[in-house]
Amino acid sequence: MRKVVAPPGFRGYKPYGNRHGRKEPVELLYEEYEAIKLADYDLMNQQEASQLMGVSRATFARVYESARRKIAHALVETREIRSVFGNADLDTSWRICGECQARFNIPGNMQIHRCPMCKSEDTYQIKKTT
Amino acid sequence: MKTIISSNGNKPDSGFDLRFGRAAWFCLLDEESGETSFHENEYKDALHGAGTKVVEKVIELGATRVISGDFGPKAKELLEKFNIQMVLLSDDSKSVHDIIKSIK
Chain A
1 MRKVVAPPGF RGYKPYGNRH GRKEPVELLY EEYEAIKLAD YDLMNQQEAS QLMGVSRATF
61 ARVYESARRK IAHALVETRE IRSVFGNADL DTSWRICGEC QARFNIPGNM QIHRCPMCKS
121 EDTYQIKKTT
Chain B
1001 MKTIISSNGN KPDSGFDLRF GRAAWFCLLD EESGETSFHE NEYKDALHGA GTKVVEKVIE
1061 LGATRVISGD FGPKAKELLE KFNIQMVLLS DDSKSVHDII KSIK
């Protein structure tokens, strides 16, 4: 299990303007998204990033490498990217609003599951899909 | 219920800041009265521990919800412990005012 602070804010990415019709999407795991975020967005070094995700530096390097290859694969072959749960360990239970895509958690003392932003009841829990 | 919104300025038309610990300002919204006040983030240039310090500030201000774009692992853990709801938005083209409008 790799610790992921928050899930990605998208369910997928789609190329546009491509001529070659629909192809199988590339599945980017949550932990791969997190690895890219930590290394290339937060600009952490691999040591810091691996500690944060609770894995060895070698495992981090492997996850990161896999993430980069998948993204390159999607770009070059104009494939969709879909975000899937993978082996992520989300210690907070996050929900995503189907209406406005806001991500939020429900603290222990709260009963309402509505979206705090747009009040939509169309929210879903992020969980492992098997 | 009181909500904190991370912001890059101290006016309602200031932009929403995706960063939590290192946002320049925080807008505190009292949802019952609709009143807002702006609080400067004195830890925005801290070398380390900005997130943790800001969580303490959030608790001091009595907020039970924080709207930002990204929480670090330590801030997240603390907010969770104090039952403060985290809301992550990924669109930083909005102003603080836009966000307040959509909550109401």
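Those protein sequences? They're chains A and B, same order as listed.
This note's numbering puts the first residue of the first sequence at 1, with every later residue one more than the last.
This note's numbering puts the first residue of the second sequence at 1001, with every later residue one more than the last.
Beta carbons are placed, not taken as given, at the ideal position from N, Cα and C, and that holds for glycine.
Item	Value
Is it buried or exposed, A:N105, if we count other Cβ atoms within 10 angstroms and call 16 or more buried?	buried
So what does DSSP say about A:V5, is it helix, strand or coil?	coil
Have a look at B:S1102 and A:T123 and give me their C-alpha separation to the nearest angstrom.	17 Å
Need the endpoints of the alpha helix (DSSP H) that A:H73 sits in, please.	57-76
Along the chain, where does the beta strand (DSSP E) containing A:L28 start, and where does it finish?	26-29
Three-state secondary structure (DSSP) at B:D1017?	coil
Measure the alpha-carbon distance for A:A161 versus B:S1033 and round it to whole angstroms.	Lying before the first or after the last residue shown, residue 161 of chain A is absent from chain A, which here runs from 1 to 130.
Could you check the C-alpha separation between A:Q125 and A:S93 for me, to the nearest Å?	7 Å
Helix, strand or coil for A:T130, going by three-state DSSP, please let me know.	Because A:T130 carries a pLDDT of 40, less than 50, the predicted location of this residue cannot be relied on, and the following value inherits that uncertainty. A:T130: coil per DSSP, three-state reduction.
Taking Cβ positions only, does A:G136 come closer than 7 Å to chain B?	Nothing about residue 136 of chain A can be read from this structure; chain A reaches only from 1 to 130.
I want to verify the contact list: residues of chain B whose CB lies under 7 Å from the CB of A:R114, in sequence order.	Near A:R114 there are no residues of chain B at all, since even the closest Cβ is about 12 Å away, more than 7 Å.
Relative to the C-alpha of B:N1008, which candidate in B:K1053, B:K1074, B:R1019, B:A1024 has its C-alpha closest?	B:A1024
Taking the alpha-carbon positions, what's the A:T129 to B:L1047 distance?	Low per-residue confidence applies at A:T129: pLDDT is 48, beneath 50, and the placement is therefore not dependable enough to give any value.
Just the chain B side, please: which residues come within less than 8 Å of A:F104 by C-beta, in chain order?	Q1085, M1086, V1087, L1088
Flag A:G9 as yes if its beta-carbon sits less than 7 Å from any beta-carbon of chain B, otherwise no.	yes
If I measure Cβ to Cβ from A:K23 and keep anything under 6 Å in the same chain, skipping five residues before and after, which residues do I get?	R79
If I measure Cβ to Cβ from A:S56 and keep anything under 7 Å in the same chain, skipping five residues before and after, which residues do I get?	S50
Is there a Cβ from chain A that is less than 7 Å from the Cβ of B:S1006?	no
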